[in-house]
Structure formats: structure tokens, C-alpha cells
Amino acid sequence: MFAIVKIAGQQFKVQKDQTLFVPRVDGKAGDNVEFSEILLLDDSGKLSVGSAVKGAVKAEILDQVQGDKVIAFKMKRRKGFRKKHGHRTHYTKIKVTAIA
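Following full-length UniProt numbering, the numbering of the sequence shown begins with 1 at its first residue and continues without gaps.
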């Protein structure tokens, strides 16, 4: 059984007991969250798509983490113009506990 669910504007294919990194979701480690926007549900060969899908994906927050540092460096040659900007994207590590 798997589902394609929309989390924070992005689509993820999830299965039970799967751990994945998603864009930041509010909550602390150990909190339970529920994602109700399911786009596709496969229940052992039986597909449900669109508005026919009823249910939700339940998950547990494992940790709040940061991604790798991304550096944007801009330079114009012979002008002395240099600009360095960097950031680290925030992610939430979740574990899917149930697809209902």
C-alpha cells in the first residue's frame, strides 16, 4: 500500500514505516501530524485518484534538521563586484505510521 500525498506544496510517495525529509512542518520531536491531502492511493492494486480518495496519512515527527549549505556567489569580472550569499534550508524528518 502506498499513497501520493501533498506536504507543504510538494508531492511525496509514501509507504507505511517510511522515513523521509519534508519541508519544515511545525511541531516538536515526538509529535504526531496528519496529512489529509492525498492525491492517489493504491491499496493492493485498487487505485483511488482525485476526489474519490478518502482518508489521511499519519506520521510522527522525528527531528527538525537543516539541509546542506547552499552558496550563491555572484561576480562581475574586471569591476570588483563580488556578492556571496548562503543559506541552509530547514527540513523535518518524519516517519509514516499509518495510511488510512
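All C-beta atoms in this analysis are idealised placements derived from N, C-alpha and C, irrespective of residue type, glycine included.
Residue j beta carbon less than 8 Å from that of residue i
| i | j | result |
| --- | --- | --- |
| residue 22 | residue 94 | yes |
| residue 58 | residue 37 | no |
| residue 13 | residue 4 | yes |
DSSP-derived helix/strand/coil call for residue i
| i | result |
| --- | --- |
| residue 86 | strand |
| residue 25 | coil |
| residue 16 | coil |
| residue 8 | coil |
When the options are compared against residue i, the one with the closest alpha-carbon
| i | options | result |
| --- | --- | --- |
| residue 1 | 19, 8, 24, 44 | 44 |
| residue 56 | 40, 46, 68, 63 | 40 |
| residue 63 | 9, 24, 6 | 24 |
| residue 91 | 75, 61, 97 | 61 |
Segments assigned beta strand (DSSP E), at least 3 residues, entirely inside the segment 35-97: 38-43, 46-49, 57-76
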